Structure formats: C-alpha cells, structure tokens
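In this note's numbering, the protein residues as written are 108 to 644. In this text, a Cβ means the ideal position worked out from N, Cα and C, and glycines have one as well. Since this is a predicted model, take the numbers as computed values, not measurements.
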C-alpha cells in the first residue's frame, strides 16, 4: 500500500498524474511511483492502463525497467505503479550534456546502447530472450516466429524513455506507452521533442498497419542522435517533418568519428520501406553486433570470474579466520581441561579434609541444634513479652484517651467560667462607670452652688462698698454736668457692673481691644417739617 512508502521529490507531472520518487519504509529501497489519476479518462484509456499493467508484469529482462507492483488508491481515484529507479537519468539528459560541452559520444557507448536495446526489443517482439552468440557456427539461425497475442511493440522509443544505471554502463528501456499519459512537460513543437514525431516510423506516422520493425526505425533515430547530437529529421512544422520522414533522407554521419559498420547499421534501421528494414533478429545476427555481443559476454564472464575470484578470496580469508578461531578454541578447551583437572584435585583434597573434620563438624552440629532450641525458647519468651508489651501499650493508650477527655472537659468548664467572669466584670465596670458619672454630676452641682454662693456674697459685699460712699458724697450742684451713663440704672445694670464681671471685661478688653469707633457726623437742623430735630422718628 501507499502507506508503506515515504514520498520524496517529484520527477515529473502531467495531465493524468505525477511521477514521484519514493522510499520503502522497511527496506529503504528507492523506487519510482507513477500516480495515474483515472477520474478524467475515458473507457479506452482505462483499458489501456490495464493492458499496460499486464505487459509490465510479463516483462522481466535485465535491460527493461523492472515493474515491482501496483495498488489502487480509491479515495484519490488513482492507480500507483511502482517501477525500478534508474539513478543515471535518461539518454536525453546525457545527449544534452554532450551537446552543451561540445563533445562527441564515444562509439563504444553507441554500440553498447544498440546491443542492449536490441536485446530488450528481442524480449518484447519474440517473447523470450535472445540466444547466446556462437561465432563458430556457420549456419544462420532462422528468425523466430512472432506471436500476435504476445508481441509487444513499444511504439515510443526515444532518448527520454531509455534510462541509465550503473554509472552509464547499462541502459534500460522503459515507459511502455505510459509516456502518452504522463508527460514531464507540455511545450510547443519548436521548443521540445516531447510529444513530436521525431522518432516515429513512416507507417505509424501515416496511420498505416505497422509491425515490430517500427521500433527498429525509432532505435535507428536514437542511435543517429547519439552520433550527431541531433535528431535525423529536423523541421519547423509538423507537415514539413512528415514529408522529411516519408522521404527517409538523413544527413551523413561524420566518418572520422564513427566506423562504417555503425553508420551502415543506422542507415539500414532508418529505411522507409518496412519490408526492407531489418528486424531485431537480423540486427542481432549482424557480424559486428555478434562480435560486440561476444565481447560484452566475455567482459561479463571476466567480471563474473573476477567476482567469483573475489568471493573465493573472501571465502579463503573467512576459512583461514575460522581455522584460527578453531585453533584458539582448541587451546582454550585444553586450558579448560587443565583447569578442570586442577579443580578435581582440589575437590579430592577438600573431600579428605571434610572426612578428617567430620568429628568436629558433628560436635558443631550438636552445638548448633542446642543453640536452635535455645533460640526457639527465647523466641517464645520474646513473643510472650511482646504480648505483655502490647497490653501495656493498650492500657496506656486507654488511660491517655481518658486523660485527654478529662482535660477537654476541664478546658470547656474553664472556658465557660471565664466567660461568666468576663460578663460579670463587664457588668461591674458599667455599674462603676454609671456611679462615677453620678458622683461627678453631684460634685459639679455642689461646686456650682458653692461658687454661686461665694459669687453672690462677693457681689453683695461689693455693692455694699459701692453704696456706702454714696452717703457721704456731697450733693450735686445745680448746673453740674454729671454723666448719666456712670450711674447704674436698674438691677441688670447693677449686676453688669459687678466687680467680677468688670474685672473680666477689663481683662478681655486688654487682650482684644475694641477698634476705635469712627466719628459719625450728623447734620442737625433746628426745624424740619415744622418739628424739632429730636422730635422726629
């Protein structure tokens, strides 16, 4: 399921989905997941996906991108196809790199791409792997029959669908028809080769019945581009490109860089008439191709032998290490045997000592048994003492509880008594306050009466002194102007002129002297309105 993989970076996007690199969570293997969304597809396109999945399951070849598994994501309405990840990129990127660096592709690499692609196409066209090369057989093998039910025609061989692995030492054919649904980009005709018929055979281009040799035409175009770093047919419009493909005229490959055998094979592949175009079987039986295949097989055999020699060397080293380990183990076992013999001898000596010390041991055993009996008796005594101690503790706790209850009762009684005493003291304090207040009032009354008596006595004495000289004063002469205000008029005036009050007024007048009255000027007219002035109100 998709949950078993961690999604990594996106490799390509298209109208029907996404090509993404993923990592398996358990094994850490890197794969390519093609996420095809079928919600906007018609029935024909969906059936094509099913048939392509069947084709991918049946194709198992070293030069074909390996199919691993697929699953159905129902919520997203998508099919996930897991394929082998090719870490070297594709052939289109390699050609672009050579073009930018202005270098030519080595002829050995072109032969390598040709042989490996022919091997992959043989598996697609004939349903089985190509037979081994036998240079010592003069007979030419007959071409195998093509089964129309099992034949697989790629129809979209181009540099973008040829992938590189193992540091560009191996190429693999991929994208069996899926490139029509998952294009990395969508650009115009004059800007990119993707989606254009640069590598399409004339019969496919004209929508005529085609055979497996249409893949040979596309392979020849790819080989031509490897040699010249550009497609064999270039045009500025689709119509012009179709006319050039129908004519089948291609530029000459530089003979200074590539051999005549390679140039002839490429020219034979790009033959307009399908009946004259060689098949994959014919190309594999070409002598140059056979020599190259044999050379590749020999290199592979040498590599296999070298790997086998390395494995043998590793195994020899491993066996030598194991032999050393066995010797070390034998020495260790021998040492352990010697130690065992020494231990056996020590055990015999100990047994002899035990036999000799059996008498004292029996005495010690008797002493131990007697000590055990004493301990049992002491344990019983300790248990009895513990019982008594528990009883004493219980009685002490009971007495302590009674004492605590009594103390609590005493505290409650003391609190009640203290509250009553506080109330009684408060009552007595209020009573004493009222008595003190009454005494103060009585004292004030008595003091006032005494003061009043003293004041009255002094007043009478003062009045008596003032009146007594009046008897000896000479009579007032007629015409003398004695101020009327100096003589008291009535008892109130007499009271106001008491010595105590006079002294007080003089004292306060001294402290706060009254302001000097301003003279009041009055206009006195003898008569006004027929009346004297003192008669007006």
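Between the alpha carbons of residue i and residue j, how many angstroms are there, rounded?
i	j	result
residue 434	residue 426	12 Å
residue 324	residue 137	33 Å
residue 277	residue 198	11 Å
residue 118	residue 141	10 Å
residue 262	residue 375	18 Å
residue 568	residue 560	12 Å
residue 556	residue 573	25 Å
residue 194	residue 231	24 Å
residue 442	residue 459	26 Å
residue 447	residue 453	10 Å
residue 357	residue 135	47 Å
residue 306	residue 384	15 Å
residue 492	residue 486	10 Å
residue 149	residue 350	33 Å
residue 322	residue 382	14 Å
residue 361	residue 390	22 Å
residue 251	residue 208	43 Å
residue 571	residue 558	20 Å
residue 472	residue 444	37 Å
residue 234	residue 168	11 Å
Hey, quick one: how far does the alpha helix (DSSP H) through residue i stretch, first residue to last?
i	result
residue 478	465-574
residue 388	387-391
residue 200	198-208
residue 157	150-165
residue 258	That residue, residue 258, is in no alpha helix (DSSP H); it is neither H nor E in DSSP.
residue 345	345-354
residue 188	No alpha helix (DSSP H) holds residue 188; the beta strand (DSSP E) holding it covers 185-191.
residue 373	367-376
With DSSP as the reference, label residue i as helix, strand or coil.
i	result
residue 116	strand
residue 340	coil
residue 327	helix
residue 280	strand
residue 422	helix
residue 174	strand
residue 295	At residue 295, the pLDDT of 34 sits below 50, so the modelled position is not reliable and the matter cannot be decided from this model.
residue 307	coil
residue 180	strand
residue 360	coil
residue 433	helix
residue 269	strand
residue 264	coil
residue 415	helix
residue 274	coil
residue 441	helix
Evaluate residue i with the Cβ neighbour count: other Cβ atoms within 10 Å of its Cβ, from every protein chain shown; 16 or more gives buried, anything less gives exposed.
i	result
residue 353	exposed
residue 335	buried
residue 282	buried
residue 112	buried
residue 510	exposed
residue 388	buried
residue 634	Unreliable placement is indicated for residue 634, whose pLDDT of 48 sits below 50; the coordinate value is still reported in the next sentence. Residue 634 comes out exposed.
residue 521	exposed
residue 484	exposed
residue 170	buried
residue 143	buried
residue 124	buried
residue 265	buried
residue 340	buried
residue 363	exposed
Looking at residue i: is its Cβ nearer than 9 Å to the Cβ of residue j?
i	j	result
residue 394	residue 369	no
residue 665	residue 162	This structure cannot speak to residue 665, because the chain is shown only from 108 to 644.
residue 396	residue 222	yes
residue 228	residue 280	yes
residue 240	residue 410	no
residue 188	residue 180	no
residue 220	residue 309	no
residue 355	residue 377	yes
residue 253	residue 319	yes
residue 365	residue 214	yes
residue 225	residue 212	no
residue 114	residue 126	no
What are the boundary residues of the beta strand (DSSP E) that includes residue i?
i	result
residue 143	137-144
residue 221	Premise fails: residue 221 lies in the alpha helix (DSSP H), 214-233, not in any beta strand (DSSP E).
residue 384	From DSSP, residue 384 is part of no beta strand (DSSP E); its letter is neither H nor E.
residue 131	124-131
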